[in-house]
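Residue numbers (this note's numbering): 18 to 149. Each residue gets a CB set at the ideal place from its N, CA and C atoms; glycine is no exception. Here is the structure we will look at, set down as structure tokens.
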Amino acid sequence: MPLYELFCLAKSRLTPVELKRLMAGAGKVILDKGGIITDVKSFGEQRLAYVIRRPGERHATASMWQMTFASGSDVVSEVEHGLRLDEGVIRWAVLKRRKDGEALPTSYKIARLAEEAGTSSSVTSNETAESS
Numbered sequence: 018m019p020l021y022e023l024f025c026l027a028k029s030r031l032t033p034v035e036l037k038r039l040m041a042g043a044g045k046v047i048l049d050k051g052g053i054i055t056d057v058k059s060f061g062e063q064r065l066a067y068v069i070r071r072p073g074e075r076h077a078t079a080s081m082w083q084m085t086f087a088s089g090s091d092v093v094s095e096v097e098h099g100l101r102l103d104e105g106v107i108r109w110a111v112l113k114r115r116k117d118g119e120a121l122p123t124s125y126k127i128a129r130l131a132e133e134a135g136t137s138s139s140v141t142s143n144e145t146a147e148s149s
């Protein structure tokens, strides 16, 4: 099962009980479908970098929380559906994490790959010109 991270912005006017209900609802969907929750973090109420506008609403702050879980891809769509229907949610994102053994590419690795790709194509064109 792949590992996913759910990051959610909830309305800051939600009470702690309502926020827990929201988090528990997402967790229940994951657990009911055979998923495994590995971590839950709450970052509390945070000031947003910019105001998020929704019809009739403006949000400058939000309650932020993150849930890390392992499940099938069908579970992700169900969790997203539940968040879409919940009026307490402003925005959310579900990201698929890389496998533990895979390192994230650094800018140096990307530059080397681009350089190698450019060198191989120029060598090919030079070899073609010499053979003509």
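Taking all protein chains shown into account, ALA43 has 16 or more neighbouring C-beta atoms within 10 Å of its C-beta and is therefore buried.
Counting only runs of 3+ residues, the beta strand (DSSP E) found wholly inside the region 66-103 occupies 74-87, in chain order. The beta carbon of ARG129 sits closer than 8 Å to no other beta carbon from its chain once the five residues preceding and following it are set aside. In the structure shown, the three-state DSSP call for GLY61 is strand.
Contact annotation: the region 26-42 touches the region 99-106, with at least three C-beta pairs closer than 8 Å. LYS28 is the residue among GLU95, SER90, LYS28 and MET40 whose C-alpha sits nearest the C-alpha of GLU62.
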